[in-house]
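Numbering-wise, the working numbering comes out as the position in the sequence shown, counting from 1, plus 63.
Input: a single structure, listed below in structure tokens.
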Amino acid sequence: AGDAPAVGAALPPGRKSSKSPIAPSPVGAATVRVSSVGKERVPITALYSDKPHNRWLLTGDKNGYVRVWDLSPVCPPFQKPIRALQMLKQLRPHRQAVTHLQHFELDGRALIMAASADWTVSLSTAEGDRIGSF
């Protein structure tokens, strides 16, 4: 442990940690842009993949948008490096930051559940049709 702070611990002003709690990316790993739509760069506040298939990546942002991205270009076998994922759907179930995302099937329908900093949870179909909020 030495002088390295615990994960999540604050450092004194002006001091940088010599050890990162985040492991470096493996050789050949790529960063894929999913945060930008148009010219505005919006921070992603939540993400989720449709386990176990990993066909889609769901992202939620600070403005309440949920986007569904196609993961097939980055699933094995790798064809070639990519720089961006294709957005399949965009919906705005909230007006404040999305804090949690979940994808599941119910009675054969693919659903997206999103929680927000506005203290609500929304339920939508994977096609983007709103079912309701609670």
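Using N, Cα and C, we set each Cβ at its ideal position, and we do this for glycine too.
Which residue wins for smallest C-alpha separation from L169, given the options S187, P144, F197 and V129? The residue you call residue 169 lines up with position 106 of the sequence shown. Of the listed residues, the one whose Cα sits closest to L169 is S187.
Just verifying my parser: in three-state terms, what is the DSSP assignment at V137? The residue you call residue 137 lines up with position 74 of the sequence shown. DSSP places V137 in the helix class (H, G or I) of the three-state scheme.
Since G127 and V105 are thought to touch, with beta carbons under 8 Å apart, how far apart are those beta carbons, to the nearest angstrom? For the purposes of this step, residue 127 is taken as the residue at position 64 of the sequence shown. For the purposes of this step, residue 105 is taken as the residue at position 42 of the sequence shown. About 10 Å separates the two Cβ atoms, so there is no contact after all.
For W182, I'd like the list of residues in its chain whose CB is within less than 6 Å of its CB, leaving aside the five on either flank, ordered along the chain. Walking along the sequence shown from the start, residue 182 turns up at place 119. Hits under 6 Å: none found.
Taking buried to mean at least 16 other C-beta atoms within 10 Å of its own C-beta, is H130 buried or exposed? For this step, residue 130 is matched to residue 67 along the sequence shown. With the sequence shown as reference, residue 130 is identified as Arg, and His is not the correct amino acid for it. The residue is buried, with at least 16 neighbouring Cβ atoms inside 10 Å.
Whole-angstrom distance between N117 and C138, CA atom to CA atom: For this step, residue 138 is matched to residue 75 along the sequence shown. For this step, residue 117 is matched to residue 54 along the sequence shown. Going by the C-alpha atoms only, they are around 8 Å apart.
For K125, the nearest candidate out of E190, A189, L148 and A178 (CA to CA): Reading the sequence shown from its first residue, position 62 is the one you call residue 125. Looking at the Cα atoms, A178 is the closest of the given residues.
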